[in-house]
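K.L.:
Following this message is one structure expressed as structure tokens.
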Amino acid sequence: MKKTVSESRIEQVYQVRPEHLNGAGRLFGGKLMEWIDELAGLVALRHAQKDVITASVDNLKFIRGAYQKDLIVLIGRVTYVGRTSMEIRVDTYIEDMKGIRKPINRAYLTLVAVDAEGNPVEVPGLLIETEAEKAEWEAGIRRREMRKQRKEEGF
Ligand SMILES: CC(C)(COP(=O)(O)OP(=O)(O)OC[C@H]1O[C@@H](n2cnc3c(N)ncnc32)[C@H](O)[C@@H]1OP(=O)(O)O)[C@@H](O)C(=O)NCCC(=O)NCCS
Numbered sequence: 007m008k009k010t011v012s013e014s015r016i017e018q019v020y021q022v023r024p025e026h027l028n029g030a031g032r033l034f035g036g037k038l039m040e041w042i043d044e045l046a047g048l049v050a051l052r053h054a055q056k057d058v059i060t061a062s063v064d065n066l067k068f069i070r071g072a073y074q075k076d077l078i079v080l081i082g083r084v085t086y087v088g089r090t091s092m093e094i095r096v097d098t099y100i101e102d103m104k105g106i107r108k109p110i111n112r113a114y115l116t117l118v119a120v121d122a123e124g125n126p127v128e129v130p131g132l133l134i135e136t137e138a139e140k141a142e143w144e145a146g147i148r149r150r151e152m153r154k155q156r157k158e159e160g161f
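Everything in the sequence shown is counted per the numbering used here, starting at 7 for the first residue and increasing by one.
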């Protein structure tokens, strides 16, 4: 049975602490990548209700830095599903004390549902409810084609 985007959407908040900083006193990019991968995995797990693995991560762009005490908000949602794979978009923001959010990163990850032997298994379809979700789905088809092409070219 198909599932909606909102059924698996997750919003997670972290505060940047000293152990998250790199030598330049900013949030370490690898830590943010871990948070993004973890969140995407949870969204995919909720959608598929099966074990999932990360097949690819696209378009990690660090638009601005984050510093100690900043609040980091990550929002993850399913944008496209194939037979066994799910595309998850994760948007990351810095939120100030007034609740104003500034984007710092947007990533698209592909997660694949697997059985106990690690073989890909089918996932539920996606029930599109809004125009924005429809636009994301259509863009997801194009991104999937680009990924296939890159895979063929060994990129
Ligand atoms: C992901 C993995 C299972 C795909 O294996 P595969 O032999 O290509 O399997 P399939 O051809 O059946 O593809 C399964 C799905 O993955 C998708 N896929 C495969 N490689 C992909 C890639 N590089 N990027 C995006 N999607 C990919 C396919 O499009 C397919 O999706 P669909 O069922 O929705 O059409 C395999 O590459 C793997 O196990 N990788 C290691 C993943 C891992 O361990 N991640 C943890 C982080 S290290």
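Don't be surprised by glycine CBs; every beta carbon is placed ideally from N, CA and C.
Quick check on the burial criterion: 16 or more other C-beta atoms within 10 angstroms. Buried or exposed for Ala54?
P.N.:
buried
K.L.:
In chain order, which beta strand (DSSP E) runs of at least 3 residues are fully inside the segment 77–154?
P.N.:
77–87, 91–101, 107–120
K.L.:
Inspect the CB distances between the segment 95–107 and the segment 147–157 and report whether three or more fall short of 8 Å.
P.N.:
Touching, no.
K.L.:
Based on Cα-Cα distance, which residue from Asp76, Glu123, Asn125 lies nearest to Lys104?
P.N.:
Asp76
K.L.:
If you draw a straight line from the C-alpha of Val84 to the C-alpha of Tyr73, how long is it?
P.N.:
Cα to Cα, the separation comes out at about 29 Å.
K.L.:
Within a Cβ cutoff of 6 Å, which residues of the same chain sit near Ser14, ignoring the five residues on either side of it in sequence?
P.N.:
Val49, Arg52, His53, Val84
K.L.:
Anyone know if the C-beta pair for Ile59 and Val129 falls short of 8 Å?
P.N.:
no
K.L.:
Quick check: the segment 137–146 against the segment 56–71, are at least 3 beta-carbon pairs closer than 8 Å?
P.N.:
no
K.L.:
So, under 8 Å CB-CB, Gly146 and Tyr86 are touching, yes? Tell me the CB distance rounded to an integer number of Å.
P.N.:
3 Å
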